[in-house]
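Trainee: Chains as they are written, first to last, in my numbering: chain A, 1 to 620; chain B, 621 to 1240.
#1: Using the rule of at least 16 other Cβ atoms within 10 Å of the residue's Cβ for burial, across every protein chain shown, is residue 1015 (chain B) buried or exposed?
#2: In terms of residues, what are the limits of the alpha helix (DSSP H) holding residue 353 (chain A)?
#3: By DSSP, does residue 605 (chain A) sit in helix, in strand, or in coil?
#4: Starting from residue 745 (chain B), follow the alpha helix (DSSP H) in both directions and report where the run begins and ends.
#5: Contact between the segment 341-349 of chain A and the segment 295-306 of chain A is defined here as three or more beta-carbon pairs at a separation below 8 angstroms; is this criterion met?
#6: Using a Cβ-Cβ cutoff of less than 7 angstroms, which residues in the same chain neighbour residue 771 (chain B) once the five nearest sequence positions on both sides are dropped?
#7: Expressed to the nearest angstrom, what Euclidean distance is found between the alpha-carbon atoms of residue 1141 (chain B) and residue 347 (chain A)?
#8: Along chain A, which residues have their Cβ under 7 angstroms away from the Cβ of residue 1013 (chain B)?
#9: For residue 933 (chain B), return the contacting residues in chain A, with the cut-off set at a CB-CB distance below 9 angstroms.
#10: Please confirm if residue 880 (chain B) has its CB atom under 8 angstroms from at least one CB of chain A.
#11: Closest by CA to residue 939 (chain B), which one among B:956, B:805, B:971 and B:929?
#12: Go ahead and label residue 988 (chain B) buried or exposed: buried means 16 or more other beta carbons lie within 10 angstroms of its beta carbon, across all protein chains shown.
#13: Can you tell me which of the three DSSP states residue 1177 (chain B) falls into?
#14: Please go through the same chain and pick out, in chain order, the residues whose beta-carbon is closer than 8 angstroms to the beta-carbon of residue 1154 (chain B), but skip the five residues on each side of it.
#15: Whole angstroms are fine: how far does the CA of residue 119 (chain A) sit from the CA of residue 636 (chain A)?
#16: Please confirm whether residue 824 (chain B) and residue 797 (chain B) have their CB atoms less than 8 angstroms apart.
#17: At which residues does the alpha helix (DSSP H) containing residue 948 (chain B) begin and terminate?
#18: Looking at residue 531 (chain A): is its Cβ nearer than 8 angstroms to the Cβ of residue 616 (chain A)?
#19: Under the rule that 16 or more other beta-carbon atoms within 10 Å means buried, what is residue 95 (chain A), buried or exposed?
#20: What is the DSSP secondary structure of residue 786 (chain B), counted as helix, strand or coil?
#21: Excluding the 5 residues preceding and the 5 following residue 1178 (chain B) in the sequence, name in chain order all residues of the same chain whose CB lies nearer than 7 angstroms to its CB.
#22: Against residue 201 (chain A), what residues of chain B qualify as contacts under a CB-to-CB distance less than 8 angstroms, listed in chain order?
#23: Report all residues from its chain with a CB closer than 6 angstroms to the CB of residue 299 (chain A); omit the five preceding and five following residues, and keep chain order.
#24: If we ignore side chains and look at the alpha-carbon of each, how far apart do residue 294 (chain A) and residue 1048 (chain B) end up?
#25: With distances taken between CB atoms, is the gap from residue 355 (chain A) to residue 1008 (chain B) smaller than 8 angstroms?
#26: Distance cutoff 8 angstroms, beta carbons only. Does residue 1237 (chain B) sit that close to anything in chain A?
#27: Name, going along the chain, the residues of the segment 518-543 of chain A whose beta-carbon falls closer than 7 angstroms to a beta-carbon of chain E.
#28: Within 8 angstroms of any Cβ in chain A, is that where the Cβ of residue 945 (chain B) sits?
#29: With C-beta atoms as the reference, is residue 169 (chain A) less than 8 angstroms away from residue 153 (chain A)?
#30: How would you list, in chain order, the residues of chain A whose beta-carbon sits under 7 angstroms from the beta-carbon of residue 919 (chain B)?
#31: Could you tell me whether the Cβ atoms of residue 901 (chain B) and residue 875 (chain B) are closer together than 8 angstroms?
#32: For residue 949 (chain B), count the other beta carbons within 10 Å of its own beta carbon; 16 or more makes it buried, fewer makes it exposed. Which is it?
#33: Within the same chain, show all residues whose beta-carbon is closer than 7 angstroms to that of residue 87 (chain A), passing over the 5 residues directly before and after it, in chain order.
#34: Can you pull the chain B residues whose beta carbon is under 9 angstroms from the beta carbon of residue 305 (chain A), in chain order?
#35: Quick one: list the residues of chain A neighbouring residue 1009 (chain B), beta-carbon separation under 7 angstroms, in chain order.
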């Protein structure tokens, strides 16, 4: 009997609540906030609904809301009940006929949006009257703005409002203490630099005056800027601390450098001193040291150079092969000629190691005054025309015979051999790709045959096989999924194995073919310049052989494109080898690919730069 | 009655023919060529069937065929009846149970394949016995090898075969005259350089001896090589003519140059003379002139330089801004210093016009000895580090103040303005793309709604609309279709109009967006070097502003990628906006795209080079 009664009660309650909510929605739509508010308070309905029901309308009519409530306490009640949760999704779901109104304001949190909107409205309406609600709005933000709130109290102390019924600093502080933990408030009160305010807070806390008084007295005894620095540092506000410390006199500069180093505030610190000052120089040096540790030697060099430390700048530039800057600094110092030559040789050696031969040659020629080494560097780098330029500039035609010509002939045989090797690999991959594709197609047709053409299972099958393939390989990658896209791509590459029978072998082969084509295509300029040099030195036959070999290679690549990338082939996952008409359509409608997201993409066909003319018409 | 009889006869004939063909196929499969041949001759069945029935087997058993026929006449009959047409496709279709055997031998013509195969077999079996058939095989090729046939007659005259029953030159010629038009044969007989043979042919022609005798006598009077040249030229065999003329003595060299120029045989001619000879030089100059006319001045220069014509080479190199070669040649001449400086200035001016500022600077600095102009060129080209290098090299720090610094500040404002403009266009295109896509999707859904989801007409509709779109634009392009792919791509571009409402507007917008992204991405290096220079000269604030602007732009681009190129979007025509599930599958199975071939491709998403680090850590 009792159970039945309870159930009935429950039922009627539920029915009742639905009616109430319908009424509330009507009121809110009609901007009757006061009626809604009072009803909700009485029936203990979560006040968040006032906002959640239609955030846009609430924010647009916030002054109406304040005027209708017309009570500091009610506004405070509303503010303190604010939660991030959307009550129309949780407690009070909308009826289906009523579409969702919730549109999150770009990335901001709901509680912050409402607090700030209410506070701004109240500040513009009557800052004195709404003083306590304004404090509440500061304190209730997701990260409580305690300092701002305390700043308000501080202002009330400094300029007590004259309006009748205005809140005093005393009252405001009391209210704050009611809202916030007193120890938190004490810490933040320091941030106002208002010692009386600090004392007021401290007295209301359970803190032992024997503890805080000596600290406060110590602070009081300090020079104002240094005092603020000490407080800022205590509150871990290092940027502010830095500014105050910089104002507190030269005697604290060592402490400042310490702070800058500890907190890595180099850029901020540099901004506080004029470019020519000794502090600027010292800070630049400290920054440069830090940058060198961070593998940013070139930027370190720039800082050192501009602050007037050329010797150290030179070191930094040299260490990262920033040779133009290094040479400029060296000439500014100025380094004596023999040392400049040594520096140039040192830099050239580094550049040669990095295969930056033309830059090395410039250093050797113009600064080390060693044209022979310069020419040799250019020959090594296959800069034939530039090598010839230096040969004629320094009247060293002998090097043409001793080095340039033999190097040209060697280059021909290297390039010819390279082309042959590339073509061989290309042809092997291409044939294998045809075999793999045929096998896949055969397997697909066999499966369709087994199932009969009208059997929908065929599609299921092929999707299942795709899932199986994916899961087989996804285990090892599951850890990786959260990492950067670069890592993901690396992982994709790994899956692309050229091993015969590997599940992605066709894609791996296409990838390998694409890379060969790109490599060959990139050789156009190199071959062109080699051909010209060969013609000049009467190596007509070698040039013709090379031109024919390269042309043949390019033609092989171009001719293979329609086969390797047939026109019907899709470069997206959606229509990968395992997809079906249904999966394609599904993905099309959902704007999401059907195939496993972890599958590497089918490599797209590389573009040949046929606009780059490399052939010599004077060769057959 | 008669009609009925005729019909019956026709019917029995048809029936009979089917039986005959079945028998013939059996014989041919059994390599019983003789039985097949005789039956075919009697029943007037086209002899081509012997080959067409199974080309592979015929070619593999060609000696069996010859041995079985064992008759020059029969072989000649077979050869003369050969046609390009495949009789199993036209006159004698295969029964369905018998799959097609025809596999065209890679690009070669059937008639040529059969003639050559038969000829080679007969030559290896018994060249004397099969002499006339061999001649037939030469003459019946798609391009009759008259000269080769005549050469055979010439050989018979020179070395009459001793074998009994062998064909004499006389007989062979008679046979040839029976096969070929006598005037054609006369012309080609000249090509054997055998005047008696020519006379033999001529006497059998209707030619007037008063006409040909003087010509032949004139030829006979010439020096042998010059005689052959005259004949070659008469027969338009210019390469042979050139070789014979080159052997006919120096007095004909002017005629040779004339021939080379007329027939553009420069490369061939150069090969006939040693590199140091005066003829080589003269021919090189002629070739160079021709190359300059063909806009190949650099290659012309190379030829002139290597044949010892530096002054003319210099002119050629200068005209095409091949400055390194020009300077080398100038120093080889050698040009006096003041003229070299003038040349360098001239070349630098051309390079500046082509925006090749760093090359211009090198010329101005090292050859014109005008470091100021060199530095200004580098500043114009935004080569800040290199400009600074020259400034320090020549101790011209004053230029830093007067030119470099102002240029840096100008570059900042230019770049900032450029970025703003690009972002504005980007944002406009991006919003418009969203609108266009929404409209297309809406139109698609509306169409599906109207037709009902199961109505197959919906697909027809969408395909029809795609065809309509294509035809609307194909009119103007129909002329172009046969041109090169470059032109085709140009035509595709044209179809991509950004005009609102243009049928390909979405693709045009994607194309435009892709181009902006690529442009912005390419600026990384430029911005990086500008930032470094700004920092060095204490333009910290400008550098920070630029860094922020560029970073913001890059982020906007990167952020837009998933929207502009959603993951489900396909980059192939197959699944273009107008395709359907059926068309996708159809194209998939046929390896052919369903959408119109003339549709421009959907532009693929550009790749950002995030590996290129451009940001300075020392800037905020």
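Heads up, the beta-carbon is just placed ideally off N, CA and C, and yes, glycines get one too.
Mentor: Looking at the atomic coordinates:
#1: Exposed.
#2: Residue 353 (chain A) -> alpha helix (DSSP H) spans 337-353.
#3: Of the three classes helix, strand and coil, the one that applies to residue 605 (chain A) here is coil, per DSSP.
#4: That run of the alpha helix (DSSP H) goes 730-745.
#5: Taking 8 angstroms as the limit for Cβ pairs, the verdict is that the segment 295-306 of chain A does not touch the segment 341-349 of chain A.
#6: Leaving aside the five residues that flank residue 771 (chain B) on each side, the residues in its chain whose CB is nearer than 7 angstroms to its CB run, in chain order, 812.
#7: So the two alpha carbons sit approximately 30 angstroms from each other.
#8: Simply 331.
#9: From the beta-carbon of residue 933 (chain B), no residue of chain A is found nearer than 9 angstroms; the closest lies around 10 angstroms away.
#10: Answer no: the Cβ-Cβ gap between residue 880 (chain B) and chain A never drops below 8 angstroms.
#11: Among B:956, B:805, B:971 and B:929, the Cα nearest to that of residue 939 (chain B) belongs to B:971.
#12: It is buried - the Cβ of residue 988 (chain B) has at least 16 other Cβ atoms within 10 Å.
#13: Reduced to three states, the DSSP call for residue 1177 (chain B) is helix.
#14: Hits under 8 angstroms: 1028, 1032, 1160, 1162, 1163 and 1166.
#15: Lying before the first or after the last residue shown, residue 636 (chain A) is absent from chain A, which here runs from 1 to 620.
#16: Yes, the pair counts as a contact, with Cβ atoms nearer than the cut-off.
#17: Run containing residue 948 (chain B): 943-952, per the alpha helix (DSSP H) assignment.
#18: Less than 8 angstroms separates the beta-carbon of residue 531 (chain A) from that of residue 616 (chain A).
#19: By the neighbour-count definition (other C-beta atoms within 10 Å, threshold 16), residue 95 (chain A) is an exposed residue.
#20: Note: residue 786 (chain B) maps to coil in three-state DSSP.
#21: Excluding positions up to five away in sequence, the list reads 1228.
#22: Those within 8 angstroms of residue 201 (chain A) in chain B number zero; the least Cβ separation is about 36 angstroms.
#23: Excluding sequence neighbours, residue 299 (chain A) sits near 291.
#24: Going by C-alpha positions, residue 294 (chain A) is about 40 angstroms away from residue 1048 (chain B).
#25: Not in contact: residue 355 (chain A) and residue 1008 (chain B) (Cβ atoms no closer than 8 angstroms).
#26: For residue 1237 (chain B), the nearest CB of chain A lies under 8 angstroms from its own CB, placing it at the interface with that chain.
#27: No chain E appears in this structure, whose protein chains are A and B.
#28: Using a Cβ-Cβ cut-off of 8 angstroms, residue 945 (chain B) counts as an interface residue toward chain A, since at least one Cβ of chain A sits closer than that to its own.
#29: The answer is yes: Cβ separation under 8 angstroms.
#30: Per Cβ cutoff of 7 angstroms: 616, 617 and 618.
#31: Going by C-beta atoms, residue 901 (chain B) is not nearer than 8 angstroms to residue 875 (chain B).
#32: Residue environment: residue 949 (chain B) is assigned as buried (16 or more neighbouring CB atoms within 10 Å of its CB, all protein chains considered).
#33: The residues are 46, 48, 49 and 52.
#34: Residues of chain B passing the Cβ test: 1156.
#35: By Cβ distance, chain A contributes 324, 327 and 328.
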